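Contents: one structure, followed by commentary.
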């Protein structure tokens, strides 16, 4: 039994290491893709960063997100951050929020996040933008396999990841028109959604 267990452990360990290596390789391919569109000054800055202690520390901070997600889109988004993409101005603090928010995330949740940011805004005097998803709007939701349970769980998941902002949970519409759920967004969360959108566009 011990021999069988040892062999199984070796198989699992090798598979895990292989997957991590594949994902790290995928990340650097994303960096190379972005590198092709950079001007000489941007390339020089990136090369300087890669060879610096600070740049290597940044890569180490990104390592968990790079290796713990199956999403190529996330790795491309992190590559855009690492290359200081000119379309996005993220502070170090915002970068950490984004990295923590996308570690282990799936493409389906990313699709839902991008779509939820685009939902109509609720007018009013609030500290940040508010949106809602109604039961009646699900057929028009531009993400596959979305139902009430998924909407509620994904909204809460995205709030936990700090990609969306909290709002008074679930409510009921009058006259048996169904349920609705509200949540918030900000300039920061919108930039994160646009970064993931651009990552998807660059990969096409």
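In my numbering, the protein residues as written are 31 to 234.
Note that CB positions come from ideal geometry on N, CA and C, so glycine has one too.
The structure displayed is predicted, hence computed values, not measured ones.
Nearest to residue 149 by C-alpha distance, out of 60, 105, 223 and 104, is 223. With a cut-off of 8 Å on Cβ pairs, the stretch 170 to 178 is not in contact with the stretch 120 to 128, counting fewer than three such pairs. Excluding sequence positions up to five before and after residue 225, its CB lies within less than 6 Å of the CB of 107 and 118, all in the same chain and listed in chain order.
Residue nearest to residue 105 within the set 78, 80, 83 and 133 is 133 (criterion: CA-CA distance). According to the DSSP secondary-structure assignment, residue 163 is paired through a beta bridge with 211. With respect to the 9 Å criterion, residue 213 and residue 195 are classified as neighbours on the basis of their beta carbons. Taking a C-beta distance under 9 Å as the contact criterion, residue 128 and residue 188 do not qualify as a contact pair. For residue 151, the secondary structure class from DSSP, reduced to helix, strand or coil, is strand.
Counting along the chain, the unbroken alpha helix (DSSP H) around residue 128 starts and ends at 122 to 132.
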